[in-house]
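In terms of our numbering, the sequence shown opens at residue 16 and continues consecutively.
Glycine is no exception: its CB is placed at the ideal position from the N, C-alpha and C atoms.
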Amino acid sequence: NFANNPHHIPITPILGMSAFLADITNLTPHPVTILTLDGERELETIPSSGSIRLNENVTELGDGILFRSFAIPLLHITFEADNAISDWPERDNHFYIVSALVANAYPERTDFLMVAKTVRDDEGRIKGCTAFASATGEV
């Protein structure tokens, strides 16, 4: 129910097109700020409601890289999905903001969104995003 969730976002005023009302849960470890299309004004900041992590497999590759007078380990890292998403079921008109790694690890989840069109301040820090993206190309 949208009325009971203080973090729902009415999508239509943001996009300025015929979009539908959706509920959005942020599953990244940091708040996500949505900006106007010109990136000038904050519309809403969605706090983190937890995060989804992937299993990380790490293998050392040889003796590493010799740089100047010291060796730096060289690693092969892969990520794989596990059952961590069972706490976040698919629901009608509900989306989850996740990392790009997570979105791509679960290609069957059309409700997983990534931030897109990020806007940075003068020092290069991300201020927010003006769009979301889907790894599946579907919603």
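Residue i: first and last residue of the uninterrupted alpha helix (DSSP H) it sits in
i    : result
L116 : 115-120
Contacts around residue i, its chain only, beta-carbon distance under 6 Å, and the 5 residues preceding and following it disregarded
i    : result
A118 : F127, M129, A150
K142 : V134, D136
For residue i, the nearest candidate out of the options (CA to CA)
i    : options              : result
A148 : P46, I100, I80, P122 : P122
A120 : E71, D137, S84, N108 : E71
R140 : T48, A99, L42        : T48
Residue i and residue j closer than 7 Å at C-beta
i    : j    : result
T40  : S63  : no
T145 : L36  : no
E153 : T125 : yes
F94  : L69  : yes
D38  : H91  : no
I67  : V113 : yes
Coil, strand or helix - residue i by DSSP
i    : result
S101 : helix
E153 : coil
A37  : strand
L81  : strand
L76  : coil
L52  : coil
Range of the contiguous beta strand (DSSP E) that encloses residue i
i    : result
T133 : 127-135
D107 : Looking at the DSSP string, D107 is not in any beta strand (DSSP E), and its letter there is neither H nor E.
E123 : Element bounds for E123: n/a, residue is neither H nor E.
T60  : 57-61
H138 : Just to set this straight, residue 138 is Glu in the shown sequence, not His. Careful: E138 lies outside any beta strand (DSSP E) and carries neither H nor E.
Own chain, CB closer than 7 Å to residue i, minus 5 neighbours either side, in chain order
i   : result
T43 : S63, S66, I112, V113, S114
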